[in-house]
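As they're listed, the protein sequences go chains A and B. Position 58 of the first sequence, counted from 1, bears residue number 90 in the numbering used here, the numbering being contiguous throughout. Position 285 of the second sequence, counted from 1, bears residue number 317 in the numbering used here, the numbering being contiguous throughout. Ideal placement from N, C-alpha and C gives every residue a C-beta, glycine not left out. Since the structure is predicted, the reported quantities are computational estimates derived from the model, not experimental observations.
Protein chains: 2
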Amino acid sequence: MKITALAGGVGGAKLAHGLSQILPPDQFTIIVNTGDDFEHLGLYISPDLDTVCYTLAGLANPLTGWGRKDESWHAFNEMEKLAGQTWFRLGDRDLGTHLVRTERRKHGEKLSTITQNFCRAWGIEHTILPMTDDPVYTMVATKEMGELAFQEYFVHQRCEPSVTGFRFDGIEKALPAPGVLEAIDQADALVFCPSNPWVSIDPILAVAGVRSACATKPVVAVSPIIGGDVVKGPAAKMYRELGIQPSAYAVAKHYENLLQGFVVDTVDAELQASIEAMNISTLVTNTIMEDELGRLRLAKDVIDFVNSLIK
Amino acid sequence: MKITALAGGVGGAKLAHGLSQILPPDQFTIIVNTGDDFEHLGLYISPDLDTVCYTLAGLANPLTGWGRKDESWHAFNEMEKLAGQTWFRLGDRDLGTHLVRTERRKHGEKLSTITQNFCRAWGIEHTILPMTDDPVYTMVATKEMGELAFQEYFVHQRCEPSVTGFRFDGIEKALPAPGVLEAIDQADALVFCPSNPWVSIDPILAVAGVRSACATKPVVAVSPIIGGDVVKGPAAKMYRELGIQPSAYAVAKHYENLLQGFVVDTVDAELQASIEAMNISTLVTNTIMEDELGRLRLAKDVIDFVNSLIK
Chain A
33 MKITALAGGV GGAKLAHGLS QILPPDQFTI IVNTGDDFEH LGLYISPDLD
83 TVCYTLAGLA NPLTGWGRKD ESWHAFNEME KLAGQTWFRL GDRDLGTHLV
133 RTERRKHGEK LSTITQNFCR AWGIEHTILP MTDDPVYTMV ATKEMGELAF
183 QEYFVHQRCE PSVTGFRFDG IEKALPAPGV LEAIDQADAL VFCPSNPWVS
233 IDPILAVAGV RSACATKPVV AVSPIIGGDV VKGPAAKMYR ELGIQPSAYA
283 VAKHYENLLQ GFVVDTVDAE LQASIEAMNI STLVTNTIME DELGRLRLAK
333 DVIDFVNSLI K
Chain B
33 MKITALAGGV GGAKLAHGLS QILPPDQFTI IVNTGDDFEH LGLYISPDLD
83 TVCYTLAGLA NPLTGWGRKD ESWHAFNEME KLAGQTWFRL GDRDLGTHLV
133 RTERRKHGEK LSTITQNFCR AWGIEHTILP MTDDPVYTMV ATKEMGELAF
183 QEYFVHQRCE PSVTGFRFDG IEKALPAPGV LEAIDQADAL VFCPSNPWVS
233 IDPILAVAGV RSACATKPVV AVSPIIGGDV VKGPAAKMYR ELGIQPSAYA
283 VAKHYENLLQ GFVVDTVDAE LQASIEAMNI STLVTNTIME DELGRLRLAK
333 DVIDFVNSLI K
C-alpha cells in the first residue's frame, strides 16, 4: 500500500515520522506546506519543511517540536547584544541550513531539489516534497492589524490578533513541485496529518491541481482538534474567531467533500455519529503523540484504518 | 596629542589596540579599510572593521587574529554537511555580527552608524570609522586567473595567484564616511599601521580627499615588512610579484611623499640610512607584537617617536 501525506509543522511532522517508521520509502511520501516560508534577515526560511525534515532525521528539538536538538544560540545571543531583530529564534545549526538553502536559491536552484539534497545529507530515505517551488505566502487577515505575513502573525505577534480570513499570496501562479501530483496519483490513499486546516493543509490543497487530484483518492484526515482545543498552535483560536466552534467535527466539515475517513481522539467519541452523518467513516482512537511510541501507535492505527477503507 | 590611525586587518588592529590602551578616546581615532568588504552567502561582511573592533573589544581570536575568541562552529559544520560554500569560515558569534549588519544595511543604514552602535555594544570607547559608507571593492589583477575580488584572491585562492596590479572598484564615487576627514584634520599626527600598503592603506588613501588631507599632517608609518618578509599576509609576495624587492625600504618608498617618520624593526637597522636619505626620520625598534605587552611596547615607541617629530 502506498500512502502520501499532506503535512504542516509540528503535529504533521510527528505523524509523518510515525508513518515513516512503518512504511518503507517507496510506500510513503510527504508533501509539505510552504506557505509559512519567509525571508528574514536575508535568509530564506522554510519552517514546516525544516520541521518535517528535522523530525524524520531525528534532529528535531523534542521539547519545542521545531528547530534542532542539542542546539546552541551563540549567533542569536550576539544578535541580541547588537540589538538585532530577534523575534524569530535562529539556532546555530539551524542557521547553517538557512544559509546553504538561501545561497542555493539565489543561484536559481529549486526548493524541491535543495530539499532532496538536504534529506540525503541528513540520512532521510523517504521523499519529502515542498508543495511548490514557487513563492506562496500565507497572509493572515486580522481585525486589529490588518493583513499580516504568516510568521509576523504566528511568531512576532504570537497569534494574538483576531483572525478574519486567509489569503495565499502567489497561489494562482504556483505550480506543484515536481513529484507532488505523481505522489498523489500513485498513492492508494492520502493522509491529511493533524496540522492546521486553515494555514497548513489548505495552502497545499490550493496549489493548482492538488485539490482535484486529492478528490480522486481515498482521503483520511486526522483531527488536530481534540476536545475542542489543540495540542499546539492557533487552529482552535482561528475557528473561534471565524465564528465556528472549534471541534473535530468542524475539521471534518472543513474537508467534508474530500474525506472518506476521519480520525478523532477518544475524548471526541461523542462526535462520531455526527461526522459519520456526513458519510465519513470515523475512527476513534488515542491521537495524542506524547513520544515516539505515541507517533508509532497513531501511525499504525491510521494505516490499519486506511487499509480497512480501501479494501 | 591627538593621533588618527589608518589600519587594515590583523597587524593594524594590534597596533591600534596598543595605541588605544595608552591614548584616551578623545585622543585616538581609527580609520579602517573597507575595500576587503564583500557579500557572501547573502551576508555583508567587513573583515577589517570586524578585526579592528573585535581586537579593541578584547573579543578577537588570539590565535588567528581574525574572528572571535571562544568561537563555536555549529552553523559552519552544518553548512559543510549540506555541501554549502565553506571557503570563508564563519563562526557562530561572528555570524550574529554579519546578520545584524546585513539587515541594518538592507534598511538603508550606513556602515559608519552601524559600526558606531556595534562598538558601543561591545564596550569600545574609541571611535572606529570605516573609510567610507559607499561600496568599494578591492580587485586583485592576477596573472593566472585575471581579476579577482579581494576575498576570492585572499581566502578562496589563498593568495596563490601572481599579482599584477590592483583596482579599487567604486572608489571614484566613494565619499569619506562622516568623521573621516575631521579625524585627519583634527589630528596632530597620523599613524599608518603595519598593514598591507597595497590593499589595506592604499584603498583608504584613495578615498576622495583622504590623501590630500593626510599630506597636510605629520605621518608616521610602521613597516609591515620585517627582514624582507611579513608576519602575516601577502604583502611581501605582492612586492615580489610586482617586481619590487620586499623590504621596509620598499614600504617607505611606497608612501614616500606622505611620510615624515617611519618605524622599522631592529632586524632592518641597516636600512635606516637609505630611508633617511628620502628625508624620512626613521625609528629602529622591536616591531613584533607577539602579545598584548608587545602591542603596548610598540604603541609607546610610536607615540614617543611621533612626539619627537612634532615638537
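Under 9 Å by beta carbon: chain B residues contacting residue i
i, result
"E273/A", "Within chain B, no residue comes near E273/A; the closest Cβ sits about 32 Å away, beyond 9 Å."
"S78/A", "What S78/A touches in chain B: nothing, since even the nearest Cβ is about 13 Å away."
"E184/A", "Ordered by position in chain B, no residue passes the 9 Å Cβ test against E184/A, which lies about 15 Å from the chain."
Beta-bridge pairing of residue i - partner residues as DSSP gives them
i, result
"A253/A", "F224/A and F294/A"
"F200/A", "T170/A"
"G178/A", "T174/A"
"R100/A", "A92/A"
"Y76/B", "E71/B"
"F60/A", "I35/A"
"P208/B", "T164/B"
"D261/A", "I258/A"
"A313/B", "The amino acid occupying residue 313/B in the given sequence is Ser; Ala does not appear at that position. Its beta-bridge partners are G293/B."
"T159/B", "T61/B"
"V283/B", "Answer is none; V283/B lacks a bridge partner."
"G195/A", "For the record, residue 195/A in the displayed sequence is Val; it is not Gly. Answer by DSSP bridge pairing, in chain order: T174/A."
Residue i burial status per 10 Å Cβ neighbour count (16 or more: buried)
i, result
"D297/A", "buried"
"D165/A", "buried"
"E110/B", "buried"
"G197/B", "exposed"
"N289/A", "exposed"
"G155/A", "exposed"
"M33/A", "exposed"
"G90/B", "exposed"
"D217/B", "exposed"
"D102/A", "exposed"
"P250/A", "buried"
"P94/A", "exposed"
"D336/B", "exposed"
"L75/B", "buried"
"L325/A", "exposed"
"A305/B", "exposed"
"A115/B", "exposed"
"G293/A", "buried"
Where residue i meets chain A, residues with beta-carbon distance less than 7 Å
i, result
"M111/B", "G128, L131 and V132"
"R125/B", "H106, A107 and E110"
"F150/B", "L114"
Cβ-based neighbour list, residue i, same chain, cut-off 7 Å, excluding 5 preceding and 5 following
i, result
"W98/B", "G41, V42, P79 and T83"
"A181/B", "F70, Y169 and M171"
"V262/A", "P256 and A268"
"L73/B", "Q117"
"V299/B", "I258 and G259"
"E157/B", "P57"
"H286/B", "P229"
Nonlocal neighbours in the same chain, by C-beta distance under 8 Å from residue i, ignoring five residues either side
i, result
"E112/B", "T118"
"T66/A", "S78, D80, L81, L143, P162, M163, T164, V168 and P235"
"L213/A", "G241, V242 and A245"
"G260/A", "A268, Q277, P278 and S279"
"L328/B", "G50, Q53 and I54"
heavy atom of the ligand NAD below 6 Å from residue i C-beta
i, result
"V283/B", "The ligand NAD is absent from the structure shown, which contains no ligand whatsoever."
Close Cβ partners of residue i (< 6 Å) along its chain, the five nearest in sequence each way excluded
i, result
"M45/B", "A small fix is needed here, since residue 45/B is Ala in this sequence, not Met. Excluding positions up to five away in sequence, the list reads T83, V84 and T87."
"G265/B", "N228"
"A238/A", "F200 and I203"
"H130/A", "L75 and I77"
"T159/A", "T61"
Within chain D, the residues that residue i reaches when beta carbons sit closer than 8 Å
i, result
"E135/B", "Chain labels in this structure do not include chain D; the protein chains are A and B."
Chain-ordered neighbours of residue i on chain A, where CB pairs are closer than 9 Å
i, result
"A153/B", "K113, L114 and A115"
"K138/B", "L73 and G74"
Interface partners of residue i on chain B, CB under 8 Å
i, result
"F108/A", "G128"
Neighbouring residues, chain B, relative to residue i (Cβ below 7 Å)
i, result
"S244/A", "Under the 7 Å cutoff, chain B gives no residues; its nearest Cβ is about 35 Å from S244/A."
Any contact between the segment 127 to 137 of chain B and the segment 80 to 94 of chain A? By contact I mean 3 or more CB pairs, one from each, below 8 Å. no
Taking one C-beta from the segment 121 to 130 of chain A and one from the segment 50 to 59 of chain A each time, how about it: are there three or more such pairs within less than 8 Å? Below 8 Å, too few C-beta pairs join the segment 121 to 130 of chain A and the segment 50 to 59 of chain A to call them touching: fewer than three.
Just checking, does the segment 190 to 208 of chain B make contact with the segment 240 to 250 of chain B on the three C-beta pairs under 8 Å criterion? Result yes; three or more Cβ-Cβ pairs closer than 8 Å.
Are the segment 179 to 196 of chain B and the segment 142 to 149 of chain B touching, with three or more C-beta to C-beta distances below 8 Å? Contact check between the segment 179 to 196 of chain B and the segment 142 to 149 of chain B: fewer than three CB pairs, one atom from each, fall below 8 Å, which does not count as touching.
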